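Let me begin by presenting the structure, written as structure tokens, before commenting on it.
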Amino acid sequence: MSEYQYYEFLAIDRPLTAKEMAALRSLSTRAHITSVSFTNDYQWGNFKGNPLELMKRFFDAHVYVANWMTAIFMVRLPIEAIPKKTAEAMAVDGVLDFKATKNHWVITWRLDESENYDRFGMDDGRGWMARLAPIRDELLRGDIRSLYIGWLAAVTREMVDDDDLEPLPVEGIGSLTAAQQALAEFLEVDEDLLSGAGIGSPPIQAEQPSQKERDDWLDELPRDEVLTLMKQLLEGNGLKAERTLNNRFSKWQRGSGGNNKRGNRRSVKELKKSGKN
Numbered sequence: 021m022s023e024y025q026y027y028e029f030l031a032i033d034r035p036l037t038a039k040e041m042a043a044l045r046s047l048s049t050r051a052h053i054t055s056v057s058f059t060n061d062y063q064w065g066n067f068k069g070n071p072l073e074l075m076k077r078f079f080d081a082h083v084y085v086a087n088w089m090t091a092i093f094m095v096r097l098p099i100e101a102i103p104k105k106t107a108e109a110m111a112v113d114g115v116l117d118f119k120a121t122k123n124h125w126v127i128t129w130r131l132d133e134s135e136n137y138d139r140f141g142m143d144d145g146r147g148w149m150a151r152l153a154p155i156r157d158e159l160l161r162g163d164i165r166s167l168y169i170g171w172l173a174a175v176t177r178e179m180v181d182d183d184d185l186e187p188l189p190v191e192g193i194g195s196l197t198a199a200q201q202a203l204a205e206f207l208e209v210d211e212d213l214l215s216g217a218g219i220g221s222p223p224i225q226a227e228q229p230s231q232k233e234r235d236d237w238l239d240e241l242p243r244d245e246v247l248t249l250m251k252q253l254l255e256g257n258g259l260k261a262e263r264t265l266n267n268r269f270s271k272w273q274r275g276s277g278g279n280n281k282r283g284n285r286r287s288v289k290e291l292k293k294s295g296k297n
């Protein structure tokens, strides 16, 4: 079987400049490059670029699929979107990785040890970006179920001891979004394990915040942050300002402890047992 590699990058928060597109073109003469994307596949040779560095400089999401049973999904988020304690708790070497820059997290979910030869004989990588990209917006809204799915991928690969506890209590595992279901499929998370994790996970509270809650939060915003947001609006970065506000409000609602409404953490052994019942 010949080698096959597929690379796709997506710019979400802002389009690429002409200079940035030229820099990307210098890495590949064959790639399809637009102001918001870079796509290419290789059946011989290798990509000259470094995906992590490209994510740090240009892009907000990345999908990589190779027919030697490797699949990678990456997103870039503002550094304030994920508390450092959450990143440290969820990280598993080789499966779920967090790289911090001055202003961003680059989060990587990775599958390296698949034995699904049929899947990788047919999967050319196309279509995954459309299914997985919403994960980024979910994380920006404070929904960390995709991180938990990454941890479950490590459990699936027997990289976590049966006596170990869940890294964080996470709600809503039994009612995943379409993007989260796609991520579990992408990482080949064991279906019984995923089902078992969902059984003991209460649903996410869907209560809408009251006007008083919003007013109280706005009253607490420091003046310098308000000025920064106003500048973003005046400079045409309304989407960035909106996401910043939504993220800050979600964090305020959750409190400093993060997504911790359910306090009891289950062991890996309990999750496996629940999935078999």
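Going by the numbering used here, the first residue of the sequence shown is number 21, and it counts up by one from there.
Virtual Cβ for every residue (Gly too), placed ideally from N, Cα, C.
Only a predicted model underlies this, so the values are computations on that prediction, with no experimental measurement involved.
(request) State the Cα-Cα distance for the pair residue 33 and residue 102, rounded to the nearest angstrom. (result) On the sequence shown, residue 33 is found 13 positions in, with the first residue counted as 1. On the sequence shown, residue 102 is found 82 positions in, with the first residue counted as 1. If I take the Cα positions, the gap works out to 17 Å.
(request) Tell whether a beta-carbon distance below 8 Å holds between residue 125 and residue 99. (result) Counting from one through the sequence shown, the residue named residue 125 turns up at place 105. Counting from one through the sequence shown, the residue named residue 99 turns up at place 79. In this structure, residue 99 lies closer than 8 Å to residue 125 by Cβ.
(message) Can you tell me whether residue 15 is helix, strand or coil according to DSSP?
(response) Past the boundaries of the shown model lies residue 15; the chain is included only from 21 to 297, so the question cannot be answered.
(message) Using C-beta distances below 6 Å, list every residue in its chain close to residue 210, excluding the 5 sequence neighbours before and after it, in chain order.
(response) Residue mapping note: residue 210 aligns to position 190 of the sequence shown, counting from 1. Here the set comprises 176.
(request) Quick one: grab the DSSP three-state call for residue 37. (result) One-based indexing of the sequence shown puts residue 37 at position 17. DSSP places residue 37 in coil when its eight states are reduced to three.
(message) Does residue 247 pass the burial test, meaning 16 or more other C-beta atoms within 10 Å, or should it be called exposed?
(response) Working through the sequence shown from its first residue, we reach residue 247 at position 227. Exposed.
(message) Can you list, in chain order, the residues of its chain with a C-beta nearer than 6 Å to that of residue 216? Leave out the 5 residues immediately preceding and following it.
(response) If you number the sequence shown from 1, residue 216 lands on position 196. Contacts found: 291, 294 and 295.
(message) Counting C-beta neighbours from all protein chains within 10 Å, is the total for residue 137 16 or more, i.e. buried, or is it exposed?
(response) On the sequence shown, position 117 is the one that residue 137 refers to. Exposed: under 16 other Cβ atoms inside 10 Å.
(message) My parser needs the alpha helix (DSSP H) runs of 4 or more residues fully inside the region 114-153; what are they?
(response) 137-142 and 148-152
(message) To the nearest angstrom, how far is the alpha carbon of residue 298 from that of residue 47?
(response) With the chain covering 21 to 297 only, the question about residue 298 has no answer from this structure.
(message) Check for me: the alpha helix (DSSP H) holding residue 51 runs from which residue to which?
(response) The residue labelled residue 51 in the question sits at position 31 within the sequence shown. Premise fails: residue 51 is in no alpha helix (DSSP H) and is neither H nor E.
(request) Please confirm whether residue 127 and residue 83 have their CB atoms less than 8 Å apart. (result) Position 107 of the sequence shown, counting from 1, holds the residue named residue 127. Position 63 of the sequence shown, counting from 1, holds the residue named residue 83. No. Outside cutoff.
(message) Given this structure, state the Cα-to-Cα distance separating residue 73 from residue 286, to the nearest angstrom.
(response) Along the sequence shown, one-based indexing puts residue 73 at 53. Along the sequence shown, one-based indexing puts residue 286 at 266. So the two alpha carbons sit approximately 37 Å from each other.
(message) At the level of alpha carbons, what is the spacing between residue 238 and residue 105?
(response) Mapped onto the sequence shown, residue 238 falls at position 218. Mapped onto the sequence shown, residue 105 falls at position 85. One C-alpha to the other measures close to 26 Å.
(request) Let me know if residue 30 comes out buried or exposed under the rule of 16 or more other beta-carbons within 10 Å of its beta-carbon. (result) As a first step, residue 30 is located in the sequence shown; it is residue number 10 there, counting from the start. Its Cβ being crowded by 16 or more others within 10 Å, residue 30 is buried.
(message) As an exercise, report each continuous beta strand (DSSP E) stretch of at least 3 residues that is fully enclosed by the region 59-104, in chain order.
(response) 81-86 and 90-98
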